[in-house]
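Residues in the sequence shown are numbered consecutively from 11, following my numbering.
Here the structure comes first, spelled out in structure tokens, and everything after it is commentary.
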Amino acid sequence: MPGRIEVWSIVPRTLTSRVGWPAVAVASLALVAGGLLYVTSGTDVTLTVDGATTKVTDAPGTVNALLAARGVDISERDLVIPAAATRLEDGARVVVRHARPFTISENGRSRVYWTTEQTVGAALEVLGIHADATRMPVSRSTRIGPGGLTLDLASPVEVDLVVAGSRRTVVTASRTVGEFLTEQGLQLGPGEQVSPAVGRSLTEGMDVTVSRVRTTRVTERESIAFTTTRTKTDELPSGRTRVVTKGRDGVREVVYQVVSVGGREIARSVVSSSVRRKPVTRVLQVGTGSSGSSSSPSWNRSTGSSGSSSRRSTGGDDRASGSADSLNWSALARCESGGNPRAVSPNGRYHGLYQFSVPTWRGVGGSGLPSRASAGEQTARAKILYRRAGAGSWPSCGRLLFS
């Protein structure tokens, strides 16, 4: 019958000598021992735990005993096939899948599931959760390890995509600007950039702009402001100034490197700079003289200026001192007005190089205001006045005509 062996069936029918008996006995014992080993041998099974397969010989009688012997702990959440109480047969396959936490987060809310599936896609399918690939941060084939996995499902947002000035609205579940560009099949080429940066998270209503970066050189002319120097002179009363040299701005030529994005300048730097015209320094004389100084304009004198009704002529003596053309008119002008043909006295009554009053000016043939006439005309009419009334027409400064 099965499981038993007739030892005596292999014993020889006749024994020829007494010496052969021990050999027969030894052979018989070996056969008996072999039969016993065959009867008591265990079951060979295949054990697969979380995908790792092991061949087990001499397995205990039940699945539960096998797992205990192999140190495989199980809980009510785990998958065990066949059931733990099942008796093992030779060639059986035992599969154990430990449950692991599978957390799904969406719209700020999280829920933990326990699954014995080993990939994200399989777990979602078992749980009946539909999620497009665009909403998932990992692929569906991603394995769920023993420690579990958290799946953060992105919520679709509406963004505006602007490329080369063309705008269109796109609904996307991409999480970042970079993922969104990949989803749209856009790859930044040389000289292109995207705003916001590729690492920025997408938000509802965001503008994603792909722009061309352009670098050019431009040449511009810029003014160089002139400076002013001041020198002191006692020819002018204290507080008065006179322009000796007019200032003039210089010109500098600057070459800039300009960076523009989408036609809008975002940065510039100086490449080179050269002076095309140097500035001219303005020179001012600042008066330090007293109000009674002969070098001060005549409006600072108590005696008034040319054309005053209080003036008295020095008569023929002044006129006899020299012809009008040979007199020092520049000295008279410096004294009366500081040499300024546009000078006007503080009270507004006296004008020009020689401080004519308007009635006196008109009396010698002038029109308009003396300070509006040319320096040459003012001097010519001053000579007419001198011929009529002499140097006394300028009580304070007339003496300088003969210097």
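Ideal Cβ positions, reconstructed from N, Cα and C, are used throughout, including at glycine.
Only a predicted model underlies this, so the values are computations on that prediction, with no experimental measurement involved.
6 Å CB neighbourhood of leucine 337 in its chain, flanking five on each side removed = Leu411
Where valine 82 falls: helix, strand or coil (DSSP) = coil
Helix, strand or coil at phenylalanine 412 according to DSSP, with G and I counted as helix = helix
Phenylalanine 112 lies in the beta strand (DSSP E); which residues open and close that run?
-> 110-116
Kindly identify the DSSP beta-bridge partner or partners of serine 282.
-> Val265
Between the C-alpha atoms of serine 333 and serine 248, what's the straight-line distance to the nearest angstrom?
-> 34 Å
So the alpha helix (DSSP H) lysine 288 belongs to, where does it begin and stop?
-> Unbroken run through lysine 288: none, as it is neither H nor E.
Nearest-angstrom Cα separation, counted from valine 368 out to glutamate 387 = 14 Å
Does the Cβ of leucine 395 have 16 or more other Cβ atoms within 10 Å, making it buried, or fewer, making it exposed?
-> buried
How about alanine 69 and leucine 89: do their beta carbons lie closer than 7 Å?
-> no
Is the beta carbon of glycine 8 less than 7 Å from the beta carbon of arginine 352?
-> For residue 8 there is no data in the structure shown, the boundaries of the chain being 11 and 413.
Which whole-angstrom value is the C-beta distance of threonine 298 and threonine 241, which I expect to be below 8 Å?
-> Actually they are not in contact, since the Cβ atoms of threonine 298 and threonine 241 sit about 10 Å apart, beyond 8 Å.
Range covered by the alpha helix (DSSP H) that runs through glutamine 388 | 385-399
Valine 167 and glutamate 116: beta carbons closer than 7 Å?
-> no
Spatial neighbours of arginine 185 within its chain, please: CB distance less than 8 Å, with the 5 preceding and 5 following residues excluded, ordered by chain position.
-> Pro147, Ala164, Ser211 and Leu212
Is it true that the segment 279-288 meets the segment 257-265, where meeting means three or more beta-carbon pairs spaced less than 8 Å apart?
-> yes
Does the beta-carbon distance from isoleucine 114 to leucine 161 come in below 7 Å?
-> yes
Distance, Cα to Cα, proline 92 vs threonine 56?
-> 12 Å
Range of the contiguous alpha helix (DSSP H) that encloses tryptophan 339 = 339-347
Length of the line joining the Cα atoms of valine 220 and arginine 274 | 13 Å
Per-residue DSSP class, three states only, for aspartate 68 | strand
Buried or exposed for alanine 183, please, with buried defined as at least 16 other CB atoms from any protein chain shown within 10 angstroms of its CB.
-> buried
By how many angstroms is the C-alpha of threonine 226 removed from the C-alpha of valine 280?
-> 12 Å
Which of helix, strand or coil DSSP assigns to glutamate 127 | coil
Grouping DSSP H, G and I as helix and E and B as strand, with all else coil, what is leucine 46?
-> Note on leucine 46: pLDDT 37, under 50, position unreliable in the model; the coordinate value appears next. Leucine 46 falls in the helix class under three-state DSSP.
Residue environment, leucine 198, which counts as buried when at least 16 other CB atoms sit within 10 Å | exposed
If you measure from the CB of tryptophan 371, is any heavy atom of the ligand COA nearer than 6 Å?
-> Absence of the ligand COA from the depicted structure is noted, as is the absence of any ligand whatsoever, leaving it without description.
Grab the span of the beta strand (DSSP E) containing valine 148 for me, first residue to last.
-> Valine 148 -> no beta strand (DSSP E), and no H or E assigned at all.
Mapping DSSP to helix, strand and coil, what is aspartate 88?
-> coil
Which term fits glutamate 346, buried or exposed, when burial requires 16 or more other beta carbons within 10 angstroms of its beta carbon?
-> buried
Go through its chain and collect everything with a Cβ distance to lysine 393's Cβ below 6 Å, but skip five positions before and after it.
-> Ala334
Output the distance between the C-alpha atoms of valine 136 and alanine 174, rounded to the nearest integer angstrom.
-> 45 Å
First and last residue of the uninterrupted beta strand (DSSP E) at glutamate 232 = 217-234
Express the C-alpha separation of arginine 278 and valine 228 in angstroms, rounding to a whole number.
-> 10 Å
Sequence-distant residues of the same chain with beta carbon closer than 7 Å to glutamine 267, five excluded per side | Thr225, Arg227, Arg278, Ser279 and Val281
Residue range of the unbroken alpha helix (DSSP H) whose run includes arginine 372 = 368-373
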